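Working notes for the structure below.
Chains as they are written, first to last, in the working numbering: chain A, 8 to 168; chain B, 8 to 168.
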């Protein structure tokens, strides 16, 4: 297990002060069949196993209308990730890459994004396929996929139509 | 301008305590030609104007290798958005929708995501097209687009690949 202190040869970390830039609020928890990082697939597949987005009750009414979308964007917080590597080496690879040239969970703001297929919504839980995160991952947001979503407000006249 | 107190008829807000769930770190600033929300297009277009992701110097080395990708995913913090609406009415629309059924900036964790086209990288600034956010928006993350990105590590044997 990598600790906050361990880095591999050629990796580089930076000193970063504790931030007070903005505060997230976890809106629920993601339940997946993957108990740890070793069990997670490298990338989620929309024919993968059912996973559940379990929302805190205060946010249940915010699901109204979500059933109209087949594909959702899900944002979550990779709460076990270190945040101080500027260059890093993927496992099983000696080469190093800049953190922003990878989709590694190790990044200054470890926010995961996934496009998932909606299976069903039941009692404040959204069942989806396509996630690759660890069971218990904190949930940040759910939105319709941008390619399926038509803005409800009409286009602005400055956009030419 | 909507204040924290104003809501439209049929909208619903919730009482949410100040969160201490997780802290973001802004990694830079986004420069766009859009000075306020009225000037922003409803959705970014990859043939839109050049915008600049201006990174804090500590993160410049993290761009190494990013030039290999045509399409990037950009995450940013919509710092002017209220966060307490569970249902809301899009402008120019009397119907209400659950917050998670909209791509409105008003959401419990106002994180914007965009797929953008990389134009060029120069001295810690990434020039892209396809953003729709206000000039000065805090930058959270840059990653290769998932559809273009091939994991550097080999597939796991459990994936059958």
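Glycine residues also receive a C-beta, built at the ideal position from the N, C-alpha and C atoms.
Computed from a predicted model, the values in this text were never measured in an experiment.
Spell out the partners DSSP gives residue i in its beta bridges.
{"i": "residue 72(B)", "result": "Its beta-bridge partners do not exist; DSSP assigns none."}
{"i": "residue 228(B)", "result": "Residue 228(B) lies beyond the range of chain B shown here (8 to 168); nothing can be said about it."}
{"i": "residue 37(A)", "result": "60(A) and 144(A)"}
{"i": "residue 29(B)", "result": "31(A)"}
{"i": "residue 19(B)", "result": "94(B)"}
Roughly how far, in whole angstroms, is the beta-carbon of residue i from the beta-carbon of residue j, given that I think they are within contact range, below 8 Å?
{"i": "residue 92(B)", "j": "residue 118(B)", "result": "Not quite, the Cβ-Cβ distance comes to about 16 Å (not below 8 Å), so this is no contact."}
{"i": "residue 130(B)", "j": "residue 94(A)", "result": "So it is not a contact: roughly 18 Å between Cβ atoms."}
{"i": "residue 96(A)", "j": "residue 102(A)", "result": "7 Å"}
{"i": "residue 51(A)", "j": "residue 139(A)", "result": "4 Å"}
{"i": "residue 34(A)", "j": "residue 54(A)", "result": "About 26 Å; that fails the 8 Å criterion."}
So, residue i versus residue j, is the Cβ gap smaller than 7 Å?
{"i": "residue 36(A)", "j": "residue 58(A)", "result": "no"}
{"i": "residue 123(B)", "j": "residue 73(B)", "result": "no"}
{"i": "residue 121(B)", "j": "residue 137(B)", "result": "yes"}
{"i": "residue 85(B)", "j": "residue 112(B)", "result": "yes"}
{"i": "residue 31(B)", "j": "residue 29(A)", "result": "yes"}
{"i": "residue 41(B)", "j": "residue 128(B)", "result": "no"}
{"i": "residue 156(B)", "j": "residue 114(A)", "result": "no"}
{"i": "residue 132(A)", "j": "residue 61(A)", "result": "yes"}
Less than 6 Å separating the Cβ of residue i from some heavy atom of the ligand SAH?
{"i": "residue 126(B)", "result": "Among the ligands in the structure shown, none appear at all, so the ligand SAH cannot be discussed."}
#### Entry: Every unbroken beta strand (DSSP E) inside the region 80-166 of chain B [3 residues or more]
92-95, 118-129, 132-136 and 144-151
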